Amino acid sequence: MSDSIISISGLNKWFGEFHVLRDINLDVASQERIVICGPSGSGKSTLIRCINRLEEHQEGSIIVDGTELSHDIKDIDSIRREVGMVFQQFNLFPHLTVLENCTLAPIWVRKLPREEAETQAMGYLERVRIPDQANKYPGQLSGGQQQRVAIARSLCMHPKIMLFDEPTSALDPEMIKEVLEVMVDLAQSGMTMLVVTHEMGFASQVADRVIFMDDGQIVEENIPSEFFENPRSDRTKLFLGQILSH
Amino acid sequence: MSDTAFHRRQAEMLPSRPAPAGQTGAVGWMRANLFSSPFNILLTLISLFLLWSIIPPAFDWAFFDAEFVGTSRDDCVGGAGACWAWIDQRIDQFVYGFYPAESRWRVNLAVLLLIPALAWVLIEKAPGARYGRWFALFYPVIATLLLVGGLGLEEVTTDKFGGFMLNLVAGLAGIVLSLPIGILLALGRRSKLPVVRVVSVTFIEVIRGVPLITLLFVAIVILNLFLPQNVSLDQLARVMIMVTLFASAYIAEVIRGGLQAIPAGQYEAAQAMGLGYWKMMRLIILPQALKISIPGIVNTFIGLFKDTTLVIIIGLFDILGQARLLQTNPEWIGEVDHETYVLASVFFFVICFSMSRYSIGLEKRLDTSGR
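For the record, the sequence lines run as chains A and B. Residue numbers for the first sequence follow the numbering used here, so the first one is 1 and each next one is one higher. Residue numbers for the second sequence follow the numbering used here, so the first one is 1001 and each next one is one higher.
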């Protein structure tokens, strides 16, 4: 498939002796939105962290936007420029203001002039609905606001792909909604997204495909309506029963 | 059991009230901190007694019974208080050592230029800071030129350096150089490259594991055995290099502690944006790690500054050396044993206390935690 923006084949990874990813094959088309779920320890976070090389894999190949991930640091950096990532713990830089968080990479990696970077950052902050917080420090914001800044910060690099690693897991219930709204908005704009989340409402609303992982492998993969209504494997049924019933 | 017992409803939200009287303000503070329990009352009384028995006699000695004018020990003999008369006569020696009198304006000028250089580095919003920082960067060159000579200025060899000026020169040079070396060592110790890591660890552990005075003897005596015959390295430079390396090993460990406190997520976020190692360190990791390390770094700086008194082992007379000299000077012998040390202590205390206060202010300025 030449039109896939991410192409993972035969991916295996070990943490020491622990076989954390087992023979993963996954192709993601441009503008596709994929939700990855599964019990904790199933390898879902590790999988998306392999895509921008926060984790190294030992076997198989990952091709992102035509570049294969290897030990070549230049390839890694060029892929990282195209791939934005949003973390569970936000990981904003606490010593920089919200605006500086958003302009840092454009200025230092993309070599954008400061003024241009700031104008662009304000645009994205407006899009995540917090332009009025631009000159505050992350420590002065709520969790939901911080996560929206983190999304804006990634968007400032004009990524082709956005990875979300449990973006709402560290948030209070009342803040989850504001972050999900921003993510839905982003999904509708045509961004390629891989989202590790347990927010099944989000999955059924925007995902093109839902992937269920367990024990380091992809157990089931389907369009959301089929996935939720007719799960095939017992593991999936058990998992869905547990997270939907609570 | 009626089910109303589990029902509760508040008509309106409660407004905030002021704290109860006697818990805030001076009286409240004293009650809470000085007289909260019998033991605390006892401690307070003992402390008051100690203060009362120390401070008035100290003031009597230093000021009320002291002798301020005079030209030799004869003016002080028999006095109950301190003898400060020597200050007026000998202060130049304490400040400049044996620096030639006709060239002392060069030292004054160097100190005068130091003030704006420091201000531009230390005060974030100093006017003209953009050009000022360049001046500060070149200040060491200017100061060296002024103090040592060259470019038409008559040369003054470093064995003429002395007094408090010597402590300042050695201390400042050590402070300015040890921080960058310490940062590189700390990064090296956490490097993924085995060679870099082993070299850093070895350096840090060897330097830290040997007393400074031993290192200084090595630098002065043993280094000659390894250097080529025709190479001569200034004695003062050797001491300064050793003091600097010594401090940088400690600073490296302080900064390593700061680096370890930075969550892995900060590295990951920086890498995920495509920042390379050096940009990530310079823009994201070090600013945070150094901020955490400020107390330890300043602690090391203060230690380094006081270690400059060890220049005495290469026969230079810093401010402590000058104090000893004056104590054995026939003109003042027997009358200035305490006074000279007191003055030297005041010089050191002023500088070290300033460093401490500045660092506290800096910590406050860099605090972005949100309150």
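Ideal placement from N, C-alpha and C gives every residue a C-beta, glycine not left out. Note that the coordinates shown come from a computational prediction; the quantities given were computed from them, not determined experimentally.
- The beta-carbon separation of V83(A) and V109(A), rounded to 12 Å, does not stay under the 8 Å limit for a contact.
- Chain-order list of chain A residues neighbouring I1297(B): empty, with the shortest C-beta distance near 16 Å, by a criterion of under 7 Å.
- Beyond the five residues adjoining it in sequence on each side, F1035(B) comes within less than 8 Å, by CB distance, of I1041, T1044 in the same chain, given in chain order.
- Cβ contact annotation for S1178(B) (same chain, cutoff 7 Å, sequence separation greater than five): T1244, A1247, S1248, I1251, L1304, in chain order.
- Relative to the Cα of Y1277(B), the nearest Cα in the group R1190(B), P1295(B), T1214(B), Q1327(B) belongs to R1190(B).
- A straight-line Cα-Cα distance of about 18 Å links N1033(B) and A1019(B).
- Residues of the segment 1266-1281 of chain B with a C-beta atom less than 7 Å from some C-beta of chain A are Q1266, E1268, A1269, Q1271, A1272, M1273, G1274, L1275, G1276, K1279, listed in chain order.
- CA-CA distance, D185(A) to F1135(B), rounds to 51 Å.
- For C156(A), the secondary structure class from DSSP, reduced to helix, strand or coil, is coil.
- Exclusion of the five residues before and after I130(A) leaves Q145, R148, V149 as the residues of its chain whose Cβ lies within less than 7 Å of its Cβ.
- Separation of the CB atoms of E1331(B) and S1072(B) is rounded to 5 Å, and the pair is thereby assigned contact status at 8 Å.
- Residue-level contact check: P231(A) does not touch chain B, since none of the beta carbons of chain B fall below 9 Å from its beta carbon.
- The C-alpha of F1348(B) is placed about 51 Å away from the C-alpha of C156(A).
- Short of 6 Å from the beta carbon of I6(A), and not among the five residues preceding or following it, lie these beta carbons of its own chain, in chain order: V28, V64.
- DSSP places S40(A) in the coil class of the three-state scheme, outside both helix and strand.
- The alpha helix (DSSP H) runs of length 4 or more contained entirely in the segment 172-218 of chain A are, from start to end of the chain, 173-188, 200-206.
- Contacts between K1291(B) and chain A, judged by CB atoms closer than 9 Å, involve H95 in chain order.
- Neighbours of Q1288(B) in chain A, taken as residues at a C-beta separation under 9 Å, are given in chain order as F93, P94, H95.
- Taking a cut-off of 8 Å for Cβ pairs, the segment 1134-1152 of chain B and the segment 1114-1122 of chain B touch, as three or more such pairs fall below it.
- Straight across, the Cα-Cα distance linking S1345(B) with A1082(B) is about 15 Å.
- Segment contact: the segment 200-207 of chain A against the segment 45-57 of chain A, fewer than three CB-CB distances shorter than 8 Å; contact not assigned.
- Comparing C-alpha distances from Q217(A) to each of G41(A), E32(A), D3(A) shows the shortest one belongs to G41(A).
- Take the alpha-carbon of R235(A) and the one of S225(A): they are about 18 Å apart.
- When the Cα atoms are used, M85(A) and V179(A) turn out to be separated by approximately 14 Å.
- Note on geometry: alpha-carbon atoms of L1227(B) and R1238(B) lie some 12 Å from one another.
- Across the structure, T1308(B) and A1219(B) are spaced so that their CA atoms are roughly 15 Å apart.
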